[in-house]
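My numbering numbers the first residue of the sequence shown as 1266 and each following residue consecutively.
By construction, the Cβ of each residue, glycine as well, lies at the ideal position given by its N, Cα and C atoms.
Owing to the predicted nature of the structure, the values given are computational and were not obtained by experimental measurement.
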Amino acid sequence: MGSGGWPEASGLGPLVKVCGIRSVADARMCVDLGVDAIGLNFWPGTKRRVEVEEAARIVLAVGAQIATVGLFVDEERETIEQIKREVGFSWVQLHGRESPDDVEALGHQAYKALRVGAVPVDAEAVRYPGALLLLDALVPGEVGGTGRRFDWSLAKALAQTRPIVLAGGLTPDNVARAALAVKPRAVDVASGVESEPGVKDPRLVEAFVAAARVAV
């Protein structure tokens, strides 16, 4: 699919996003295996961070074959916009303490990640009127990418009212159950398909996509 289809594209099962891509080889592999979107992490506090120059090479290599998403944590809007111009990704994912105004200022192709703990996120989600939200596990002191999952039942009601991207501890072994339980618009994986942080395992990516596709 091209970048314009994320997250509206239709198909069998939820869409699949693989986050933490750090090389052209892994990006091309995701294209070949039918992934719908890849995430480029620009947060300095993660081992999955990609440098701006390499991110630009990745986006150039995949072209319009796959959606590209830049991930930021409490970054200045001007910096995000500058990196977006330099790299050329289509979507912005905000994974920190950004306000609804921060999301809105970046345009309709920006969306917020919310962390889910012991209670449903409906009250927090209503503050962000845009169409799309990403839900990840709440781990104190962490902003995401922990490989921890949350109670999927806490996201079910929200997924019935707006499109969500389900993240947090997803693997080839549990993504089908998660998608069937929540009915998200898309599923997002990083550590669950890696041989080491930032290095994707093609066998795990292929298995993850196949498992997600049957969850209808």
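- Annotation note: the stretch 1349–1433 contains the following uninterrupted alpha helix (DSSP H) runs of length 4 or greater, listed N- to C-terminal: 1365–1370, 1387–1390, 1418–1424.
- Its chain contains V1296 as the residues whose beta carbon lies nearer than 6 Å to that of Q1330, once the 5 sequence neighbours on both sides are disregarded; these appear in chain order.
- Residue state for R1287 is assigned as coil, using DSSP reduced to three classes.
- Under a 10 Å Cβ-count criterion, A1402 is classified as buried, with 16 or more other Cβ atoms of the shown protein chains found around its own Cβ.
- Boundaries of the beta strand (DSSP E) around F1337: 1332–1337.
- Look at E1459 here: in three-state DSSP terms it is strand.
- Annotated as distal: V1384 and L1435, with beta-carbon spacing of 8 Å or more.
- Note that the C-beta distance between P1428 and L1397 is below 8 Å.
- In the DSSP assignment, A1451 falls within the beta strand (DSSP E) that extends over 1451–1454.
- Relative to P1437, the option among L1445, V1474, G1463, A1370 whose CA is nearest is V1474.
- Using a 10 angstroms sphere on the CB of V1479, the tally of other CB atoms stays under 16, which defines it as exposed.
- W1308 and V1352 do not touch by the CB rule: their CB atoms are close to 14 Å apart, not below 8 Å.
- For A1443, the uninterrupted alpha helix (DSSP H) run begins and ends at 1440–1447, by DSSP.
- Per DSSP, A1302 is one residue of the beta strand (DSSP E) stretching across 1302–1306.
- For P1467, the enclosing alpha helix (DSSP H) has its first and last residue at 1467–1478.
- Of the residues assessed, P1394 falls on the exposed side of the cut-off, its CB having fewer than 16 other CB atoms within 10 angstroms.
- Annotated as proximal: Q1358 and L1336, with beta-carbon spacing under 8 Å.
- R1314 sits in a strand when the DSSP states are folded into three classes.
- If the five residues before and after G1382 are omitted, its C-beta is found closer than 6 Å to the C-beta atoms of L1403, all from its own chain and listed in chain order.
- Nearest Cα to D1453 within the set G1328, T1333, S1288: T1333.
- Of the candidates I1348, A1443, G1361, P1467, the residue whose Cα lies closest to the Cα of L1305 is I1348.
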